[in-house]
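Numbering (the numbering used here), first residue to last: 17 to 527. The C-beta atom is built at its ideal place from N, Cα and C for all residues, glycine as well. Keep in mind the model is a prediction, meaning the values are calculated, not measured.
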Amino acid sequence: MKDALIIFDTTLRDGEQSPGASMTRDEKLRIARQLERMRVDVIEAGFAAASNGDFEAVRAIAEVIKDSTVCSLARANENDIRRSGEAIRPAARGRIHTFIATSPIHMEKKLRMTPDQVVEQAVKSIAWAREYTDDVEFSAEDAGRSEIDFLVRIFDAVIKAGAKTINVPDTVGYNVPEQYAATLRTLIERVPDADKVIWSVHCHNDLGLAVSNSLAAVMAGARQVECTINGLGERAGNASLEEIVMAVRTRADVFPVETRIDATQIVPASRLVSQITGYPVQPNKAIVGANAFAHESGIHQDGVLKHRETYEIMRAEDVGWGTNKLVLGKHSGRNAFRARLQELGIEMTSEEHLNLAFARFKELADKKHEIFDQDLQALASDEAITPAIEHYRLVSTRFHSETGEIPQAEITLTAGGHETHSKSTGSGPVDAAFKAIESVAASGSELLLYSVNAITTGTDAQGEVTVRLSRDGRIVNGQGADTDIIVASAKAYLNALNKLHAGGEKLNPQV
Ligand code: KIV
Ligand code: ZN
């Protein structure tokens, strides 16, 4: 019998700290459902004290998720912990994850607290958290640069206070595998009652070592890994869930642990997170990149055809490639449409919402004969986002672009319910469309990113556009999908404007 390796997914919390990756409540719910389907052990659903929106999102996830533990992050103070406690109250299994920095530089320069004060605050925090749940996790922020004697002291104190999981984050991605594993080994040897708690790791990828450090720590005794889908996360990101899970599974001869993850849900989860956050997956990304199972050279292709294992260590279908099934077509009815959405974990909040989505589906099916799961995911986002935060809505578009002529766009949209019409020229039709929208919105925002991806294969595929806007230090991503990429672009731009318009300032836990 192997030990269980607990997979703690923090896509909805640390992942959301990637610039512009903030998600709406409904988007978070869709991802949480997919994580549950994938049998993730713990879902870190957010940082409940960050804003009312974050609190509501954690609570909504706690209400619906039954098979995974739902966790909220809290700084080590009474207000954060009580907000987290309230947010996870409805959960079948709820966890509070509290943290305080322990490195000399963080204690002195950021917290301006003495080591004694930090230990006292950590112990009090565990006691507050225990009023809500027995499942309390403690993290020593910047443990990777903390003194080992101080870590032993603070971990001893929080275990005595009732913490059940002890997390040793490499917050700034500074550690290297041998050293990080040695830290874990030393802590497990020296901290009293170390065998009564789960040792956890949380590695950032600043030196590209997040997965290697996490796996080295597993060899040294860690039994929980904190990770994210596609390695999303603060700065260079976190350890990627798919790489951790598949390394442990593929090298079962090396690792003394096993996970509960249903790996066939990995690719659908990766696509969903990428589509919702607007963070594309690089083609050569392990496991989930478009080329991860593609063999280009003749020698490799020949080898794989003769015997797959000559060049493949995993099977594409085992991680969910090939699930892009042809699902529906022009003649599919409302019930089939609703049933497939349910299978994909997409919940329509009302009949009106379903009707809107179904009308969009019919429109799409007229233009595109084969509708795949990814088309439905994009379509659901389109319809799921807009009713909640809509201020601007696209009514119609008209473009003129011809060799030797200046491209022109005409846009009709509603702003706060009032229909307006605008026209502009630009260096290309997309530029003209954005200028026409801005002549109405006058948002004062800066365009940071514009990207287009084909959702499926074929020239009739929908284009999925991401637009990243920044204003007053706030960064948002907007998405839009359509078979006409100019329309998709206009939708994405308006979606980003809607997010800016909806406001919703929130705290970053590390600040
Ligand atoms: O990177 C980090 O230290 C964190 C903690 C809050 C666990 O995200
Ligand atoms: Zn982190």
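Residue i Cβ short of 7 Å to the ligand KIV heavy atom set
i: L429; result: no
i: E157; result: yes
i: D30; result: yes
i: L288; result: no
i: L89; result: yes
i: P120; result: no
i: F171; result: no
Per-residue DSSP class, three states only, for residue i
i: E153; result: strand
i: N95; result: helix
i: F388; result: strand
i: S38; result: coil
i: W215; result: strand
i: I131; result: Before going on, a small fix: residue 131 reads as Pro here, not Ile. DSSP places P131 in helix when its eight states are reduced to three.
i: E367; result: helix
i: T326; result: helix
i: I401; result: Model confidence at I401 stands at a pLDDT of 48, short of 50, so the residue's coordinates are unreliable; what they give is reported in the following sentence. Residue state, collapsed to three classes: helix.
i: F415; result: strand
i: P185; result: strand
i: L200; result: helix
i: K439; result: strand
i: A20; result: strand
i: D318; result: helix
i: H509; result: Going by the sequence as given, residue 509 is Tyr instead of His. Three-state result, Y509: helix.
Whole-angstrom distance between residue j and residue i, CA atom to CA atom
i: L516; j: T130; result: 40 Å
i: V168; j: R206; result: 7 Å
i: S417; j: D500; result: 14 Å
i: I282; j: S256; result: 11 Å
i: G36; j: D165; result: 38 Å
i: G444; j: E250; result: 34 Å
i: S459; j: F309; result: 43 Å
i: R356; j: F388; result: 10 Å
i: A504; j: A48; result: 26 Å
i: V270; j: Y327; result: 20 Å
i: Y408; j: A449; result: 14 Å
i: K212; j: Q240; result: 14 Å
i: I142; j: A20; result: 25 Å
i: K125; j: R75; result: 34 Å
i: E153; j: Q50; result: 24 Å
i: K140; j: A78; result: 25 Å
i: L523; j: R99; result: 14 Å
i: I401; j: Q393; result: Its pLDDT being 48, under 50, I401 is placed unreliably by the model, and the measurement read from it follows with that caveat. Approximately 12 Å between the Cα atoms of the pair.
Nearest-angstrom beta carbon gap, residue j and residue i [assumed within contact, 8 Å]
i: R484; j: L465; result: 4 Å
i: V289; j: I245; result: 4 Å
i: D57; j: I23; result: 5 Å
i: E157; j: I116; result: 6 Å
i: G160; j: T118; result: With a Cβ gap of about 10 Å, G160 and T118 do not count as contacting.
i: V304; j: S286; result: 4 Å
i: A103; j: A64; result: 4 Å
Any non-hydrogen atom of the ligand ZN closer than 7 Å to residue i Cβ
i: P185; result: yes
i: E250; result: yes
i: N191; result: no
i: D488; result: no
i: N254; result: yes
Residue i beta carbon near the ligand SAM (any heavy atom closer than 7 Å)
i: H218; result: The ligand SAM is not part of this structure, which contains only the ligand KIV and the ligand ZN.
Should the segment 369-389 be called in touch with the segment 343-351, which here means at least 3 C-beta pairs below 8 Å? Touching, yes.
Check whether the segment 180-200 and the segment 235-245 are in contact - that is, three or more C-beta pairs closer than 8 Å. These segments touch.
For the segment 294-314 against the segment 327-338, are there 3 or more C-beta pairs whose distance is under 8 Å? The segment 294-314 vs the segment 327-338: in contact.
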